[in-house]
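Q: Converting from the sequence shown to this note's numbering requires adding 9 to each position, the first position being numbered 1. All C-beta atoms, glycine included, are put in the ideal place defined by N, C-alpha and C. What follows is a single structure, and I will ask about it in a moment.
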Amino acid sequence: MKVLLTGANGFVGRHLMTSLLEAGHSVTAAVRNPNTFHRQWPSVDAIACDFMTDQDRQLWRERLAGFDAVVNCAGVLQRGPGVDPEAIHHLGPAALFDACSELNLRKVIQISAISAREGVETEYARTKLRGDAHLMALDLDWIVLKPSLLYAKGSYGGTSLIRALSALPFAIPLPGSGDQAFQPLHLDDLGRSLVKLLEDPAAGKQVLEPAGPETLSLRDILLQYRRWLGIRGGLCVPIPLWLVRAVCRIGDLLGIGALRTTSLEQILEGNCGDNQGFEKAIGFRPRSLAEALQNDPSDVQDRWHAQLYFLAILATFALSATWILSGVIGLWVLPDVGEQVAGRIGLSGVAALVVALGACLMDILIGGWVASRRAPGLCALIQLAIILGYTLVLGIAIPELWGDPFGSLIKNLPMLVLIPIWAVLVKSK
């Protein structure tokens, strides 16, 4: 079967693509940047698409020629610069689904979310629900899958946050009492289910809630992951929800990973579904979280990722604050200190003032760039070049700085190490 898979380069999409390929199906990935996609999967066909702009069903009609089925698993948790959940969850998919209907391409599977139901007021849930409703109104053999918490050997977004919380030293913080209920489902089991439903000609016009065989509290999940990572202790500390919400609002402002208001609200709304109906439809029992973790033990990479998750946030804050404060303090002490330093490197008068002022403003701009976490590789290279330039120029012109007991220049050495580490952590999310 020839399948068009949207969102193929996402966390869920990658695993579903693997399941489809292993089952012998031909998969074409619909992604924003096929060249980037082909770096990891050079043998998989890919076409360029973007639900932010591709909302014309005629465009999708042209792309769908020759396909037997469509699987849509594109999704974003939260609105951001250039990211509109309404477009990605509703308007773009609606054009795709309409094109399928016009071409009589009947088999369409939509990967939705268990929270996509009436009464859940997050933008994520509302837009997902509108996309589901549009598909369900069409005369197609549609299947809407609304999974509970999805996990795998790797992690992304919410599952990365869960691992990071479980790996914190001393104690595990719990939002509220930590009794929020989940039915975790391994992504390999979701992929296996997708293949069965895709290949079953009688499967159609149904909504299923893919869920694992057991209901676990968030506290149980965190403790299981802590044991899986091999980290001692298991003290859980309840955190008042008002404080958790305040931290998540800060995460919204700073754009920090899964530490967002939407993530918290999704957790609080409940993540349990009809696992018995799901098991009946797919014909097998998915693995429990304990079974999956036991059969796939953690490696050092898993522990590193979990323990470095929050350190990446702290590294961003520390680097950004260092650059910004350096520039602000430099502006504060201008013109006296700035002119004195500039004079030691052979500048005087207006030239000295301009160079000192420019250096201060450059530091502030670099600090803002670090905080934005955009193009971290290029940002890291520029930071390294600036620090090496500062160190060489000042170290030669004012050699006594090497002996400064406060380490005026020596402190640049750990900075030169931290910056590339920061770039790797930020790109790894």
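1. Could you give the distance in angstroms between the alpha-carbon of Arg135 and the alpha-carbon of Pro94?
2. Is Asn42 helix, strand or coil by DSSP?
3. Hey, out of Ala432, Ala406, Ile395, Ile405, whose CA is closest to Asn421's CA?
4. Count the other CB atoms, across all protein chains shown, that sit within 10 Å of the CB of Leu105; report buried if there are 16 or more and exposed otherwise.
5. Between Pro249, Glu409, Leu418, which has its C-alpha nearest Gly398's C-alpha?
6. On the premise that Ile118 lies in contact with Ile152, defined as a C-beta separation below 8 angstroms, what is that separation, rounded to the nearest angstrom?
7. Could you please give the first and the last residue of the uninterrupted alpha helix (DSSP H) stretch that includes Cys109?
8. Below 6 angstroms CB to CB, which residues in the same chain sit around Trp378 once its five sequence neighbours on both sides are set aside?
9. Helix, strand or coil for Val309? Go by DSSP, reduced to three states.
10. Alpha carbon to alpha carbon, how far is Gly89 from Ala83?
11. For Gly336, collect the residues of the same chain with a Cβ closer than 6 angstroms to its Cβ; drop the 5 residues on either side in sequence, then sort them by chain order.
12. Pro184 to Phe46, Cα distance in whole Å?
13. Spatial neighbours of Leu494 within its chain, please: CB distance less than 7 angstroms, with the 5 preceding and 5 following residues excluded, ordered by chain position.
14. Span of the alpha helix (DSSP H) holding Leu492?
15. If I measure Cβ to Cβ from Gly16 and keep anything under 6 angstroms in the same chain, skipping five residues before and after, which residues do I get?
16. Would you list, in sequence order, the uninterrupted beta strand (DSSP E) runs of no fewer than 3 residues that lie entirely inside the segment 169-209?
17. Terminal residues of the continuous beta strand (DSSP E) containing Asn81?
18. Mapping the DSSP letters down to three states, classify Ile118 as helix, strand or coil.
19. Use the C-beta contact count for Ser186: other C-beta atoms within 10 angstroms, 16 or more gives buried, fewer gives exposed.
20. For the beta strand (DSSP E) containing Val153, list its first residue and its last residue.
21. Verify whether the separation of the beta carbon atoms of Asn284 and Gln192 is less than 8 angstroms.
22. So, using beta-carbon positions, are Leu196 and Pro219 closer together than 8 angstroms?
23. First and last residue of the beta strand (DSSP E) that includes Pro385?
24. To which residues of the same chain is Asp77 closer than 8 angstroms at the C-beta, ignoring the five residues directly before and after it?
25. Just the C-alpha distance for Leu366 and Gly355, rounded to the nearest angstrom, thanks.
26. For the alpha helix (DSSP H) containing Leu244, list its first residue and its last residue.
27. So, for Ala290: in the same chain, excluding its five sequence neighbours on each side, which residues have a beta-carbon less than 6 angstroms away from its beta-carbon?
28. Which word fits Lys436, buried or exposed, when buried means at least 16 other C-beta atoms lie within 10 angstroms of its C-beta?
29. Could you give the distance in angstroms between the alpha-carbon of Asp209 and the alpha-carbon of Gly376?
30. Kindly identify the DSSP beta-bridge partner or partners of Asp54.
31. Identify, in the order they occur along the chain, each residue of the same chain with its Cβ nearer than 6 angstroms to the Cβ of Glu223, setting aside the five sequence neighbours on each side.
32. Do you know offhand how far Ile171's Cα is from Leu227's?
33. Is Pro182 near Val246, with beta carbons less than 8 angstroms apart?
34. Determine the DSSP secondary structure at Leu238, reduced to helix, strand or coil.
35. Is there contact between the segment 236-243 and the segment 298-309, where contact requires at least three CB pairs shorter than 8 angstroms?
36. Compare the Cα-Cα distances from Ser169 to each of Gly260, Asp311, Pro156 and report the closest residue.
A: By the coordinates alone:
1. 9 angstroms
2. DSSP places Asn42 in coil when its eight states are reduced to three.
3. Comparing Cα-Cα distances from Asn421 to each of Ala432, Ala406, Ile395, Ile405, the minimum goes to Ile395.
4. Burial state of Leu105 is buried, judged by a 10 Å Cβ sphere holding 16 or more other Cβ atoms.
5. Closest by alpha carbon: Leu418.
6. Between the beta-carbon of Ile152 and that of Ile118 there is about 5 angstroms, and that keeps the pair under the 8 angstroms contact cut.
7. 101-112
8. Its chain contains Cys388 as the residues whose beta carbon lies nearer than 6 angstroms to that of Trp378, once the 5 sequence neighbours on both sides are disregarded; these appear in chain order.
9. helix
10. So the alpha carbons of these two residues sit roughly 16 angstroms apart.
11. The beta carbon of Gly336 sits closer than 6 angstroms to the beta carbons of Cys369, Asp372, Ile373 from its chain, once the five residues preceding and following it are set aside; these are given in chain order.
12. Answer to the nearest angstrom: the Cα atoms are 36 angstroms apart.
13. Missing from the structure shown is residue 494; the chain here goes from 10 to 438 and no further.
14. Only positions 10 to 438 of the chain appear in this structure, which leaves residue 492 out of reach.
15. Gly22, Cys82, Ala83
16. 181-184
17. For Asn81, the enclosing beta strand (DSSP E) stretches over residues 78-81.
18. strand
19. exposed
20. 150-154
21. yes
22. no
23. Per DSSP, Pro385 lies in no beta strand (DSSP E); the unbroken alpha helix (DSSP H) holding it starts and ends at 385-406.
24. The residues are Met10, Lys11, Val12, Leu114, Lys116.
25. 16 angstroms
26. In the DSSP assignment, Leu244 falls outside any alpha helix (DSSP H), carrying neither H nor E.
27. Leu217
28. exposed
29. Taking the straight line joining both Cα atoms gives about 55 angstroms.
30. Thr37
31. Taken in chain order, the residues that qualify are Ser297.
32. 9 angstroms
33. yes
34. helix
35. Yes, they touch.
36. Asp311
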